[in-house]
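When we follow this note's numbering, the leftmost residue of the sequence shown carries the number 5, and every step to the right adds one. Here a beta-carbon is modelled for each residue, glycine too, at the ideal position from N, C-alpha and C. Here is the structure we will look at.
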Amino acid sequence: MPELLQSIVAWAVELMRADAGEVFLWDEVHGHLVQSIGYGSMERYIGLALKPGEGIVGRVFESGQPMIVPDYTTWPGRLDVYVLDEPTTDITVPMRWNDHTIGVLGITADSRRRSFGQGDIQPATIFANLAALAIHNHRLCAALQDRAQRLKAILDREVAERTAQLARRALQLETSARVSRQITSILDTETLVSSVVDLISQSFDYPYVLIYLRDEQSNTLKLRASTVDVGERYRQLRIGGGSLNGTAAARNQPVLVTDVSQHTDYLANRDSLADTRSELVIPLRMGDRVLGTLDVQSRRLADFSDEDVRLIQSPGDQIATAVENARLYDQSRQLAALEERSYLARELHDSVTQLLFSITLTAEASRMLLEEDQPEVNAQLKRLQGLAHQAMNEMRALIRQLRPIPEAERGLISHVRDLVAEREKRDGLRVTLRIEEERKLPARYELALYRVVQEALNNVIKHAHASTAEIALLVQDRSVLLEIADRGIGFNSTQLQQDLLEQRPATLGLTTMRERIELLGGTFEVESTPGHGTRIRVHVPIEDER
Numbered sequence: 005m006p007e008l009l010q011s012i013v014a015w016a017v018e019l020m021r022a023d024a025g026e027v028f029l030w031d032e033v034h035g036h037l038v039q040s041i042g043y044g045s046m047e048r049y050i051g052l053a054l055k056p057g058e059g060i061v062g063r064v065f066e067s068g069q070p071m072i073v074p075d076y077t078t079w080p081g082r083l084d085v086y087v088l089d090e091p092t093t094d095i096t097v098p099m100r101w102n103d104h105t106i107g108v109l110g111i112t113a114d115s116r117r118r119s120f121g122q123g124d125i126q127p128a129t130i131f132a133n134l135a136a137l138a139i140h141n142h143r144l145c146a147a148l149q150d151r152a153q154r155l156k157a158i159l160d161r162e163v164a165e166r167t168a169q170l171a172r173r174a175l176q177l178e179t180s181a182r183v184s185r186q187i188t189s190i191l192d193t194e195t196l197v198s199s200v201v202d203l204i205s206q207s208f209d210y211p212y213v214l215i216y217l218r219d220e221q222s223n224t225l226k227l228r229a230s231t232v233d234v235g236e237r238y239r240q241l242r243i244g245g246g247s248l249n250g251t252a253a254a255r256n257q258p259v260l261v262t263d264v265s266q267h268t269d270y271l272a273n274r275d276s277l278a279d280t281r282s283e284l285v286i287p288l289r290m291g292d293r294v295l296g297t298l299d300v301q302s303r304r305l306a307d308f309s310d311e312d313v314r315l316i317q318s319p320g321d322q323i324a325t326a327v328e329n330a331r332l333y334d335q336s337r338q339l340a341a342l343e344e345r346s347y348l349a350r351e352l353h354d355s356v357t358q359l360l361f362s363i364t365l366t367a368e369a370s371r372m373l374l375e376e377d378q379p380e381v382n383a384q385l386k387r388l389q390g391l392a393h394q395a396m397n398e399m400r401a402l403i404r405q406l407r408p409i410p411e412a413e414r415g416l417i418s419h420v421r422d423l424v425a426e427r428e429k430r431d432g433l434r435v436t437l438r439i440e441e442e443r444k445l446p447a448r449y450e451l452a453l454y455r456v457v458q459e460a461l462n463n464v465i466k467h468a469h470a471s472t473a474e475i476a477l478l479v480q481d482r483s484v485l486l487e488i489a490d491r492g493i494g495f496n497s498t499q500l501q502q503d504l505l506e507q508r509p510a511t512l513g514l515t516t517m518r519e520r521i522e523l524l525g526g527t528f529e530v531e532s533t534p535g536h537g538t539r540i541r542v543h544v545p546i547e548d549e550r
């Protein structure tokens, strides 16, 4: 545009037989007129700013009417800024567009050889209108270019957003497929949830991913896997208000929070999760049943959208299915084991026990038929009868161990008391029982601990030859401590360790006890000294049941 305006001013000066020309444009932002074009002697004043009403230019702009000054050197409104070498005459006309004055065109000539009259106003106005049209076209073109740039920026942004959405969708499908591949081969809940939180964190670039599973006994959410150690306070959450996980579980609906500091249910963690700014919690559900929650957190505000809800819900549903499958698989294993034990108990009772009983009766009948002058045979038959009685007693004890614990809902403590009472009555064993914190444990823990107590008391009677025993059972919030001690004959602990490694028959009872506890992630220790008795120590961490 400057080149075109310069040409228009040059044509005006030439055709009107003048010497110089200028264009002032209105600067609406700063509220003054600025000389944009200068031709001839007026070129030196480019950039000059005048207020409305100031000088010829200011008056023409303010009035909107053309103005002729015959001799600027003697004009009362002359501005000192102009340095004149000769007398000049000036004609100044407004530049108008759509009834608005947008600037001023001024033409200057030497008053000694040229004067302007009313007849010069029309050609000057024509050139002013041409200049106004050029300015309007330039501004229109600039506006169109700006609009095109803005539309292009919007289009680029929409394309980028759509591309990102497609990329996230592809990532969702890929992650869902990876989750599916992993969970189809994992039937252990602990391994499953640990793998999933790492996979989601890496795939979606979320720093904090947590999985809570519902504990049916306490009706709370318990932390099962996390990419960060959240601390003890956040391991168990109430279902309901007070935490975003509790709210999502209670409503069976996703909870999306763009700014956690503004949400009343946000449970702040000032230690490991202090930089969390936004959070999304997805319920893990099977139909209307909530199994737990999947919690993803970001360090950025408003980092989650409705699209992210759909993105995370898919692996969340797969996790819920896998958790339920793992729970059912574990139940089926326990049921199969119980059925197998019941089957073995029935078979032993129906076959081996009957055979032993027949041996006893046969030995007794044979002894009675023998003549009294055969004392050696009589003694051997008595011994045979005694061994058969002993074998039958041990077989009955084994059958009792194989049978499932009756009335499992009564809990471990009640069954241990029954077992102690039975052994005191049947075997004459005096047992001191010390129990702290009576509460029910998940079924698999109660069964394993009961079998350990049962086997340990068998050892006290059969091998330790002790008349007394002590049992201490301490049930804590997240662990169980069990001790069984006797004052029997004891044994060599060093030799025991070697026997356990070689799985010698004499140690099978201890081996079985140790395996039961280690399957629960616990520790099993035996201390014994010949002549000073034996002490068994058990520590089992209590994990949340599915």
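For F65, no beta strand (DSSP E) segment is defined; the enclosing uninterrupted segment is the alpha helix (DSSP H) at 59-67. Ranking S207, V200, R151 by CA distance to the CA of L288 puts V200 first. In the same chain as L260, and ignoring 5 residues on each side of it, the C-beta atoms closer than 7 angstroms to its own belong to L284, F308, V313, in chain order. Within the same chain, D269, L271 come within 8 angstroms of G246 by CB-CB distance, once the 5 residues on both sides are set aside.
Contact between V73 and D94 is confirmed by a C-beta separation of about 5 angstroms, below the 8 angstroms threshold.
Under a 10 Å Cβ-count criterion, V85 is classified as exposed, with fewer than 16 other Cβ atoms of the shown protein chains found around its own Cβ. Between V424 and M517, the C-beta spacing is not below 8 angstroms. Annotated three-state conformation of G513 is helix, per DSSP.
Within the stretch 424-487, the complete beta strand (DSSP E) runs of at least 3 residues fall at 434-440, 472-479.
DSSP lists Q301 as the bridge partner or partners of Y212. Closest by C-alpha distance to V38, out of A22, P56, A164, is P56. Around the beta carbon of A383, fewer than 16 other beta carbons lie within 10 angstroms, which makes this residue exposed.
Beta-bridge annotation (DSSP): P287 is paired with T297. Using a Cβ-Cβ distance cut-off of 8 angstroms, the stretch 532-546 and the stretch 454-469 are in contact, since at least three pairs of beta carbons, one from each stretch, lie closer than that value. Boundaries of the alpha helix (DSSP H) around I12: 6-19. With 16 or more other Cβ atoms inside 10 Å of its own Cβ, V294 counts as buried. Taking a cut-off of 8 angstroms for Cβ pairs, the stretch 168-178 and the stretch 145-152 do not touch, as fewer than three such pairs fall below it. Here the alpha carbon of E47 sits roughly 44 angstroms from the alpha carbon of D160.
Burial state of V33 is exposed, judged by a 10 Å Cβ sphere holding fewer than 16 other Cβ atoms. Non-local C-beta neighbours of I139 in its own chain, meaning closer than 8 angstroms and more than five positions away in sequence, comprise M5, L9, L29, M99, W101, I106, G107, ordered along the chain. In this structure D292 is exposed. Its beta-carbon is surrounded by fewer than 16 other beta-carbon atoms within 10 angstroms.
The closest CA to that of S282, considering only T472, D275, Q266, D422, is found on Q266. In the structure shown, G44 adopts helical secondary structure according to DSSP, grouped into three states. Just measuring C-alpha positions, the residue of R154, E450, H36 sitting nearest E66 is H36. Note on geometry: alpha-carbon atoms of D279 and R303 lie some 6 angstroms from one another. If the five residues before and after V61 are omitted, its C-beta is found closer than 7 angstroms to the C-beta atoms of F28, L37, L54, T96, V108, G110, all from its own chain and listed in chain order. DSSP lists G42, G110 as the bridge partner or partners of E26.
Secondary structure note for T231: it is in no beta strand (DSSP E), with a DSSP letter that is neither H nor E. With fewer than 16 other Cβ atoms inside 10 Å of its own Cβ, N223 counts as exposed. Approximately 7 angstroms separates the beta-carbon atoms of I521 and A452; this is inside 8 angstroms, confirming the contact. In the three-state reduction of the DSSP assignment, L170 falls in the helix class, which pools H, G and I. Going by beta carbons, Y216 and L196 fall outside the 8 angstroms limit. Going by DSSP, T251 is part of the alpha helix (DSSP H) stretching over 248-255. In this structure, DSSP gives L203 a helical state, which the three-state scheme calls helix. With a threshold of 16 other beta carbon atoms within 10 Å, E450 meets it and is buried. Contact annotation: P545 and S483 have beta-carbon atoms nearer than 8 angstroms.
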